[in-house]
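*Asks:* From first to last, the protein sequence lines stand for chains A and B.
Quick note: the first sequence uses our numbering, first residue 17, plus one each step.
Quick note: the second sequence uses our numbering, first residue 173, plus one each step.
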Amino acid sequence: MPNILSVRNLNYYYQDGDTRRFILRDVSYDFERGRFYVILGESGSGKTTFLSMIAALDTPKSGEILFEGVDIRRIGYENYRRNKAGMVFQSYNLIPYMTAVENVLVAMSITQNKLPADKKETAYNLLQYVGIDKAKANRTVNKLSGGEQQRVAIARAVATDVDLILADEPTGNLDEETEAGIVEIFKSLAHDYNKCVIVVTHSSEIAAQADEVIRLKKGVFLNDGQFSG
Amino acid sequence: MNVFKRGLISIVRRPGKSAILFILILVLSNIIAGAISVKNALVNTENAILEKMGVEVTIEYNWLDITDATPSITPEMVETIGQSEYVKEYDYSTTYYMEARGVKNYYSDYYYDGNGSFTITGGRNTTLQDVRSGDITIKEGRTYTREEIESGAPVLLISDKVAQLNDLSVGSSVTFLYTLYDYSDIVYRKYAAEGDFDIPVLPIEPWEPKVIKTFEFEFKIIGIFSAKPMRYTDWNGNIVETDSPLLNTFYTVNKAINACINEIRKEAQAAGVPDNIYINTAAVFILKHPDYVELFESQNKQHLPKGLVFKNNAKSFESIRTPMANVEWIAEIVMWVAVGATVLIISLLVTLFLRDRRHEMGIYLALGARKGAIVTQILTEVLVVALIAVTLSVFTGNLLASNMSATMLENQLTEEQKNETDGGRDVIPFSDIGISSSKSIGILPVPIEEEDTGRITTEDVMEMYKVRLDLKTVLFIYLIGMGSVLISTLVPIIYTLRLKPRQILM
Numbered sequence: 017m018p019n020i021l022s023v024r025n026l027n028y029y030y031q032d033g034d035t036r037r038f039i040l041r042d043v044s045y046d047f048e049r050g051r052f053y054v055i056l057g058e059s060g061s062g063k064t065t066f067l068s069m070i071a072a073l074d075t076p077k078s079g080e081i082l083f084e085g086v087d088i089r090r091i092g093y094e095n096y097r098r099n100k101a102g103m104v105f106q107s108y109n110l111i112p113y114m115t116a117v118e119n120v121l122v123a124m125s126i127t128q129n130k131l132p133a134d135k136k137e138t139a140y141n142l143l144q145y146v147g148i149d150k151a152k153a154n155r156t157v158n159k160l161s162g163g164e165q166q167r168v169a170i171a172r173a174v175a176t177d178v179d180l181i182l183a184d185e186p187t188g189n190l191d192e193e194t195e196a197g198i199v200e201i202f203k204s205l206a207h208d209y210n211k212c213v214i215v216v217t218h219s220s221e222i223a224a225q226a227d228e229v230i231r232l233k234k235g236v237f238l239n240d241g242q243f244s245g
Numbered sequence: 173m174n175v176f177k178r179g180l181i182s183i184v185r186r187p188g189k190s191a192i193l194f195i196l197i198l199v200l201s202n203i204i205a206g207a208i209s210v211k212n213a214l215v216n217t218e219n220a221i222l223e224k225m226g227v228e229v230t231i232e233y234n235w236l237d238i239t240d241a242t243p244s245i246t247p248e249m250v251e252t253i254g255q256s257e258y259v260k261e262y263d264y265s266t267t268y269y270m271e272a273r274g275v276k277n278y279y280s281d282y283y284y285d286g287n288g289s290f291t292i293t294g295g296r297n298t299t300l301q302d303v304r305s306g307d308i309t310i311k312e313g314r315t316y317t318r319e320e321i322e323s324g325a326p327v328l329l330i331s332d333k334v335a336q337l338n339d340l341s342v343g344s345s346v347t348f349l350y351t352l353y354d355y356s357d358i359v360y361r362k363y364a365a366e367g368d369f370d371i372p373v374l375p376i377e378p379w380e381p382k383v384i385k386t387f388e389f390e391f392k393i394i395g396i397f398s399a400k401p402m403r404y405t406d407w408n409g410n411i412v413e414t415d416s417p418l419l420n421t422f423y424t425v426n427k428a429i430n431a432c433i434n435e436i437r438k439e440a441q442a443a444g445v446p447d448n449i450y451i452n453t454a455a456v457f458i459l460k461h462p463d464y465v466e467l468f469e470s471q472n473k474q475h476l477p478k479g480l481v482f483k484n485n486a487k488s489f490e491s492i493r494t495p496m497a498n499v500e501w502i503a504e505i506v507m508w509v510a511v512g513a514t515v516l517i518i519s520l521l522v523t524l525f526l527r528d529r530r531h532e533m534g535i536y537l538a539l540g541a542r543k544g545a546i547v548t549q550i551l552t553e554v555l556v557v558a559l560i561a562v563t564l565s566v567f568t569g570n571l572l573a574s575n576m577s578a579t580m581l582e583n584q585l586t587e588e589q590k591n592e593t594d595g596g597r598d599v600i601p602f603s604d605i606g607i608s609s610s611k612s613i614g615i616l617p618v619p620i621e622e623e624d625t626g627r628i629t630t631e632d633v634m635e636m637y638k639v640r641l642d643l644k645t646v647l648f649i650y651l652i653g654m655g656s657v658l659i660s661t662l663v664p665i666i667y668t669l670r671l672k673p674r675q676i677l678m
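1. Considering only their Cβ atoms, is the gap separating A/G79 from A/N25 smaller than 7 angstroms?
2. Closer than 9 angstroms by beta-carbon distance: list the chain B residues that pair up with A/N25, in chain order.
3. Could you tell me which of B/T230, B/I505, B/T514 and B/F422 sits nearest to B/I195, measuring between CA atoms?
4. Using the beta-carbon count (16 or more within 10 Å), is B/R273 buried or exposed?
5. Measuring CA to CA, which of B/F290, B/V210, B/I292 and B/V229 is closest to B/E261?
6. Determine the DSSP secondary structure at B/F176, reduced to helix, strand or coil.
7. Can you list, in chain order, the residues of its chain with a C-beta nearer than 8 angstroms to that of B/A510? Leave out the 5 residues immediately preceding and following it.
8. Is there a Cβ of chain A sitting closer than 7 angstroms to that of B/E532, yes or no?
9. Report yes or no: do the stretch 34-53 of chain A and the stretch 213-229 of chain A share at least 3 C-beta pairs separated by less than 8 angstroms?
10. I believe A/Y28 touches A/I39 by the beta-carbon criterion, under 8 angstroms. Please report the beta-carbon distance rounded to the nearest angstrom.
11. Over what stretch of residues does the beta strand (DSSP E) that includes A/R41 continue unbroken?
12. Are the beta-carbon atoms belonging to B/S519 and B/S660 less than 7 angstroms from one another?
13. For the candidate residues A/K152, A/Y30 and A/N109, whose alpha-carbon lies nearest to that of A/A173?
14. Any C-beta of chain A sitting closer than 7 angstroms to the C-beta of B/R185?
15. On the CB-based measure, 16 or more other CB atoms within 10 Å of its CB, does A/A72 come out buried or exposed?
16. At a CB distance below 7 angstroms, what residues from the stretch 180-208 of chain B approach chain A? Give them in sequence order.
17. Determine which residues share a DSSP beta bridge with A/T217 and list them.
18. Anything in the stretch 80-104 of chain A with a Cβ closer than 8 angstroms to a Cβ of chain B? List those residues in chain order, please.
19. Just to make sure I have the definition right: I need the residues of chain B whose C-beta is within less than 9 angstroms of the C-beta of A/V122. Which are they?
20. Less than 7 angstroms between C-beta atoms, sequence neighbours within five positions excluded: which residues of the same chain meet that for A/T64?
21. What does B/R670 touch in chain A if you count any residue whose Cβ is under 7 angstroms from its own?
22. Would you mind stating whether B/I253 and B/H461 have Cβ atoms separated by less than 7 angstroms?
23. Helix, strand or coil for A/L131? Go by DSSP, reduced to three states.
24. Among B/I546, B/Y637 and B/Y233, which one has its Cα closest to the Cα of B/M580?
25. Enumerate in chain order the residues of its own chain whose CB-to-CB distance from B/V506 is below 7 angstroms, with the five nearest sequence positions on each side excluded.
26. For B/I666, count neighbouring C-beta atoms within 10 Å of its own C-beta (all shown protein chains included) and say buried if the count is 16 or more, exposed if not.
27. Do B/F525 and B/K177 have their C-beta atoms closer together than 7 angstroms?
28. So is B/A541 buried or exposed if we call it buried at 16+ other beta carbons inside 10 Å?
29. Mind checking who A/C212 pairs with in its DSSP beta bridge?
30. Where do the N-terminal and C-terminal ends of the beta strand (DSSP E) with A/A173 fall, by residue?
31. Look up B/I396 in the DSSP assignment and give the residues it is bridged to.
32. Should B/A187 be labelled buried (16 or more other beta-carbon atoms within 10 Å of its own) or exposed?
33. Between the beta-carbon of A/A246 and the beta-carbon of A/A196, is there less than 7 angstroms?
34. Counting only beta-carbon atoms, is B/P673 nearer than 7 angstroms to chain A?
35. When the cut-off is 7 angstroms and only beta carbons count, does A/D134 lie next to chain B?
36. Determine, using beta carbons only, whether A/Y113 comes closer than 7 angstroms to chain B.
What follows is the structure, encoded as structure tokens:
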């Protein structure tokens, strides 16, 4: 299966006087559609930085990120975020004064991907898929629970019809039961909808359900691809 | 869901913050709108005074300089001087005094001739000088046309008081009478006076002079005017209001008067008797600006014969301009301080609000929204609120400015007036503005303090001072108000949007 995303010799560091403090050092990896990846690492290992690079929320110091073989710099970071990748954050990052369905509609109005004509109905369907019924979909998001907000965030990420879903500690603020529900959605997106789902976490429970686990330690991938607990 | 809809949702769903922003912009734009309104009102008032009263230069007699024959103000002289580049418009009027058959004089407060004789004042402009100065107002009918001026048509404007008293109206005719006498046969009794002179006192006989001819000149009434009463301060400091001396003045065109006089003179010449006609000509030049007075006078004094001098009212105009300039200066300072304060305060407020919205902007950036779209959304939110606030402030600011500035200007004018009086002047300071040509020629009976009556008073200025909403003012308020809000919003937005999404969100 062709790679949807490839990173080549990715470096990220902070300049501290004459010395460079590396967060990511020479990281390379290939990601495929239809798979659920977990990047596992301790705090400060560089996993969020890595996700920021492949989500084009920040730019690497050196190296390449290729989306379907094209450098995302050529695609354009803004364009890439708009049309190629969907992002789920630990703190949900929803617009607080808008309803759940409006949050989804905002993303749909920004993307240039071709979407169904009835965007509102599509947004309701997506929210239904992630477990938010119509009544809740019409509530402002600050009236929803953390788990529900995260489901809305996932719906927003997939609403733009992108093939790459990136999630940063998506269950970090949620209880175990809710976490399980969220993970199920990610697995479904990867396996039923052929998306490439990359989740950054330090949770071994989530890692246990991944198709592929990449360990990150001090900015270096220790990628055996297998989770060993 | 486009950016404008997102902006409107933000306004509606965050009513507290929208209200704070609204109130703040309303207060600041009220100050700006008020200052702009005051400034424009002052400029308009100054222009109105210039327009209505004008800066007048008249030609007067300098009796100390007249030793031989009294020089005449001729139409040719006036026409030549009137061509000066400093002159906005000019006028001259020929005035004569004739009896109107069957027409009684109006008994005014201080003047009643009772013999049915009237002052006939001519003009050369379609706008009467006394109308322009506000001394009279056309009540019915019209003034004379250019064609009537050129042809010397015998048309007449009379006062409403005289019209009412004599049952005259527009379309009625008035016949002026002039009897040319031959006095050569009358022998006077002569008394020996002290010294070497014999003074004729009473005729011996015949008692009546011989009538050569009685002329009848028929004029048609085309307009009726009302004359503004005059107010002045008497010696006791009381404000006294009297009838205008113009009530018994008839207005016509110069050429019509000249035609009558020429006919009389021709007859007198044929009969070999003196005509005894002494006409008065008054000239007034309205300058384009008070600053041109000196230039105008030095340029044109060569055209005046010995005994005639220019007299202007520019100095008295300064008495009005100074307090107005003071208030205008204050308004200008207030406006720019308010603009600065608006930019600063709105910037700080938007920066404060954007701290809350910073995360939201990061979300939009993470979703791939264009920076321009984010700027548009935030600007929509702020500018919609600002538009409502500024629109409201156009009216409220105007209302506030109207009351406050009027008091301020009145105080300044009163202070200026007091200063001038304290400075040794015993007359109202706004000395000559508004004295009409017919009043300045000196043939009318003059009340004790006639000089005062033609002047602009504080009340006159205040009457003219109106803080109005004209298109220019409204546009300027929107430009300054919305411009200040725009700049103060753009700066913090651009400051935030220069960050990468990760710096905002993670």
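Cβ atoms here follow ideal geometry from the backbone N, Cα and C, with glycine treated the same way.
Note that the structure is a prediction, hence the values are computed from the model and not measured.
*Replies:* On the basis of the coordinates in this document:
1. Judged by beta-carbon spacing, A/G79 lies within the 7 angstroms limit of A/N25, meaning their Cβ atoms are closer than that value.
2. Those within 9 angstroms of A/N25 in chain B number zero; the least Cβ separation is about 20 angstroms.
3. In terms of Cα proximity to B/I195, the closest of B/T230, B/I505, B/T514 and B/F422 is B/T514.
4. exposed
5. The shortest C-alpha to C-alpha distance from B/E261 to any of B/F290, B/V210, B/I292 and B/V229 is the one to B/V229.
6. helix
7. Same-chain partners within the cutoff: L200, I203, I204 and A207.
8. yes
9. yes
10. 5 angstroms
11. T35 to E48
12. yes
13. A/N109
14. yes
15. buried
16. I181, S182, R185 and R186
17. A/L56
18. From the stretch 80-104 of chain A, only E94, N95, Y96, R97, R98, N99 and M103 have a Cβ closer than 8 angstroms to chain B.
19. M173, R178, I535, Y536, L539 and A541
20. D184 and V216
21. Within 7 angstroms Cβ-Cβ: nothing; B/R670 doesn't reach chain A, min ~14 angstroms.
22. no
23. A/L131 falls in the coil class under three-state DSSP.
24. B/Y637
25. Here the set comprises I203 and A207.
26. That one is exposed.
27. For B/F525 and B/K177, no; Cβs fall outside 7 angstroms.
28. Buried.
29. A/L180
30. Segment G162 to A175 is the alpha helix (DSSP H) holding A/A173; no beta strand (DSSP E) there.
31. B/E312 and B/I330
32. In the sequence as displayed, the identity of residue 187 of chain B is Pro instead of Ala. Here B/P187 is exposed: its Cβ has fewer than 16 other Cβ atoms, across all protein chains shown, within 10 Å.
33. With chain A represented from 17 up to 245, any question about residue 246 of chain A goes unanswered, as that position is not in the structure.
34. Residue contact with chain A for B/P673: present (Cβ-Cβ distance below 7 angstroms to some residue of chain A).
35. no
36. yes
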